[in-house]
Amino acid sequence: MNMEKFKEITSTKRFIFIFCGILGALAYIAIYGVAFLNFTNTEWLIHTWSDLTQHYLGWNFFRNSDWHFPIGLMDNITYPFRESVLFTDSIPLFAVIFKLLSPILPENFQYFGLFGIICFFLQGAVAGLLLKRLCDNTAYSIIGSIFFILSTTMIFRMYLHTALAAHFIILLCIYFCVTKDDSPRSLKTNIFIWGGLAVLACVIHIYFVPMVLGFMAFYLLDDYLNDKNIVRPLIITACSIIVPLLVLTVLGAFYNSADPTIIGLRIFGANLLTFFHPIRGASAFLGEIPMVHQAQFEGSAYLGLGIIIGLLVMLALFIKRRFQTKKQKKKKKFGKLIFRRRVLISVFVAIFTILAISPVVRFADTVLFEYSLPRFIEDAWGIFRATGRFIWIPAYLLILAVIWKIKSELKINHAIAVLAVLLVVQIADLGGHYLNLRHGIIENSEQRVPLASSGWEYLAQDENLHHFFFFDNWITDNREDRASYYEIGIIALRNGMTTSDFYMARRDELAIIEHRRAERARILRGEARGDMVYLFRDFERAMSNVLYLYEIDHFVVGTKNPIESLTAMDFQDLLRTYSLGDEIALTRRSPFQFQGWSPPDSIGTFTDRREAVLAMNIDSENDLILFMDIFAMLTDAPVEIYINDAWLGRADFQIGVNSIRIPKEFHPDEKLEIKFRFTSFISPREMGLHAPENLEYGLVVRAFVIVEDMP
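If you read the sequence shown in the working numbering, its first letter stands for residue 2, the second for the next number, and so on.
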């Protein structure tokens, strides 16, 4: 093959697409290896107890569910209600395809490795096409595509929120905007492009939908300003909205009455320093910058040191160009069109930047200011509560601008040399972190041992038991609580059973709460279901009168009928002995906390129901004094105190150390049960917290101590 033929082949779009796509696939293998590409390798997904587990189990529940219409529904993950696979972030496109193929698939099957390498391939392929169009040089385009392949925004998401790694959708939007003047596009072509991209976003992750529609709005506004024809943009817009809505409907997005808004709009925004802020040790040269809130990782968009230096190079080239009179004269010739598009691009970037930083504007660990909007606007905005993700668009446009500007201002050989040096810096900055990602996922999956008690086998062997019913809501931001759902989900899937609740992006929480309350009333009436396994966070004495209760791993399990080979327990079995004078910190789970306590965190433990109980065995023949260190008062009414079910009185708690005297006659034997009953409480939404709305907070307790009140 002669050189001219070689140049001809390598300059084609097909070559660029395939070659840069292969580079992307090789980058995936270099980072993650080939083990994740094994369709039957599921261990790395099951035992991470992270969102990866949610995505994988969501696919499995969908796979094991009967078909329904809408086709995205499954009936076994929040039994007896139906939920859409959209909301487990299990990549609906792949979930539906592989459910159709399920009869010929092995029992252990995952497609998340396949999705990952496809994302890397398309990231490189589309980036290569985009740069070829803008820079018109094969070697330069290939080098530039690697910056997009190594995008921190994509790789950070890949096995955290896997569906959100499909950043090739953003690059496709940029590509179609950049190539709009290459040849006239018919009405049908534009409907196909923008409607198709919107549908693609729907069947992968709906967070990409507003991004696609934003690019479409920019594209069509430019069209309108060109020819002043409003009909064409309106038709394209209508079709590009209606068709995705139909797809979402078919997938079950609107099936139930789940509230589309989620608390967190003011938490998950991007920081103003996001482009220069490497998180989780991503940079070999730059340290992490303190942030206001750790949840700002949602707006992470570190550009990499190579691109940051490239920004400085671009600025220097821009300043230099301002002094070149010849180029300024050339600018005047096309000034009107260029100026208009620059204004449109600036407005477009500004809108997505404003959306990304959310109503709370933060610079490093400082809140600069925040603002409020009418409730209906905040509710609409709250549908996409992790607004920081919208910073991806400005980030990619910045990377593109750096690469394009260097090429447009320098001779091609000089431009290639500069870009190659920047790429070396970029890889040196990010490469070490990327090579540790695979090990981090594997190590993370080995940190936790799954439920190991033989009690689960005894439950599964009972042919009458078909459903797991959660009486408490562990769907919080606490990883251990969330893992409880995953653990039971794994057992349910292995034994063809259902669960009554699950960690999902959206679910009909009000219906689930009402069902939980109705089931509690049914059990207390003596009408427990014989096909149900009831799961409690804590031992509930009321239930011990109507259910057989067992302690299996860290769960309290109840059934209507006795389980062979398991010994039912009572309240006394669970009591641990307390040593007088010991300070018990409630910043971690205590064996003396029974019903009514939330998972602990760094400030203490919330009381999250109308009754909260401390219980223990205690060896004392004297009056006692309970000291409680209260971090926060969430109720403005006195709290009723009961000792061993006997009324002691009311307490007006204050922030700080409070004391309660417990006379000896209230604890004649070793058992000491202290019950706090709240007549006033506050909901998570009222506090601006992301937590289930059915919780009822009263106090936040940091620690307690019990001592004898010596005469």
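C-beta atoms are modelled at their ideal positions from N, C-alpha and C, and glycine is treated no differently.
Opening and closing residue of the beta strand (DSSP E) in which residue i lies
i	result
Gly657	Gly657 to Ile663
Val547	Counting along the chain, Val547 falls outside any beta strand (DSSP E), and DSSP gives it neither H nor E.
Trp45	Segment Glu44 to Ile47 is the alpha helix (DSSP H) holding Trp45; no beta strand (DSSP E) there.
Ile731	Outside the displayed range of the chain (2 to 712) lies residue 731, so it cannot be described from this structure.
Glu641	Val640 to Ile644
Phe276	Phe276 -> no beta strand (DSSP E), and no H or E assigned at all.
Where residue i falls, given that 16 or more other Cβ within 10 Å makes a residue buried
i	result
Lys8	exposed
Leu434	Looking at the sequence provided, one finds His at residue 434 rather than Leu. Classification of His434: buried, given that the 10 Å Cβ count is 16 or more.
Asn474	buried
Lys331	In this prediction, Lys331 scores a pLDDT of 48, lower than 50, which makes its location untrustworthy; no coordinate-derived value is stated.
His440	exposed
Ser373	exposed
Met155	buried
Pro563	exposed
Phe99	buried
Leu386	One point to set straight first is that residue 386 is Arg, not Leu, in the sequence displayed. Arg386 is buried by the Cβ-count criterion.
Ala396	buried
Met217	buried
Ile582	It is Gly, not Ile, that sits at residue 582 in the sequence shown. Per the 10 Å Cβ criterion, exposed.
Trp195	buried
Asn257	buried
Lys333	Because the pLDDT at Lys333 is just 47, under 50, the model does not fix this residue reliably, and the point stays unresolved.
Ser184	exposed
Arg390	buried
Cut-off 6 Å between Cβ atoms - residues of its own chain near residue i, not counting five sequence neighbours on either side
i	result
Cys120	Ala166 and Ala167
His56	Asp90, Ser91 and Thr163
Ile683	Leu635 and Tyr698
Gly311	Val403 and Leu423
His206	Ala164 and Leu165
Phe40	Phe110
Helix, strand or coil at residue i according to DSSP, with G and I counted as helix
i	result
Tyr487	helix
Glu379	helix
Tyr33	helix
Gln594	strand
Lys333	Low confidence applies here, because Lys333 scores a pLDDT of 47, under 50, leaving its location unreliable; read the following figure in that light. Three-state result, Lys333: helix.
Ile268	coil
Tyr579	coil
Glu108	coil
Asp539	coil
Asp76	strand
Same chain, Cβ closer than 7 Å to residue i, neighbours up to 5 away in sequence not counted
i	result
Asp710	Asn623, Asp624, Leu625, Ile626 and Arg662
Tyr643	Leu649, Lys676 and Arg678
Val361	Arg267, Gly270, Val368 and Glu371
Phe18	Ala126, Gly129 and Leu130
Ala506	Phe88 and Asp90
Pro291	Ala365 and Asp366
Tyr80	His468, Thr499, Thr500 and Ser501
Trp45	Phe37, Ile442, Ile443 and Ser446
Val426	Leu306, Gly307 and Ile310
Residue range of the alpha helix (DSSP H) that includes residue i
i	result
Gly59	Asp52 to Asn65
Gly650	No alpha helix (DSSP H) holds Gly650; the beta strand (DSSP E) holding it covers Ala647 to Ala652.
Tyr160	Per DSSP, Tyr160 belongs to no alpha helix (DSSP H) and is neither H nor E.
Leu369	Taken as a continuous stretch (DSSP letters only), Leu369 belongs to no alpha helix (DSSP H), being part of the beta strand (DSSP E) at Thr367 to Glu371.
Lys672	No alpha helix (DSSP H) holds Lys672; the beta strand (DSSP E) holding it covers Lys672 to Phe679.
Asp223	Phe209 to Asp228
Asn562	Premise fails: Asn562 is in no alpha helix (DSSP H) and is neither H nor E.
Arg233	Val232 to Leu252
Phe169	Phe169 to Val179
Residue nearest to residue i in terms of C-alpha spacing, selected from the options
i	options	result
Ala484	Val179, Leu27, Thr49 and Ile242	Thr49
Tyr160	Ser142, Leu201, Tyr549 and Tyr112	Tyr112
Phe556	Phe469, Ile656, Lys14 and Ile619	Phe469
Ser152	Ile428, Tyr256, Arg530 and Asn496	Ile428
Ile378	Leu567, Phe391 and Ser359	Ser359
Thr13	Asp137, Val658, Leu115 and Ser591	Asp137
Ser603	Glu612, Leu587, Arg64 and Asp609	Leu587
Leu214	Leu247, Val344 and Ile170	Ile170
Gly307	Leu115, Val640, Leu420 and Glu641	Leu420
Gly253	Ser142, Tyr504, Arg322 and Ser85	Ser85
Ile309	Leu431, His415, Val204 and His294	Leu431
Pro592	Phe503, Leu615, Leu460 and Val204	Leu615
Trp405	Thr11, Leu135 and Gly59	Leu135
Contacts around residue i, its chain only, beta-carbon distance under 8 Å, and the 5 residues preceding and following it disregarded
i	result
Ile231	Tyr225
Pro234	Leu221, Leu222, Asp224 and Tyr225
Min CB distance residue i to chain C below 8 Å
i	result
Phe113	As a matter of chain content, chain C is missing from the structure shown, which is built from one protein chain.
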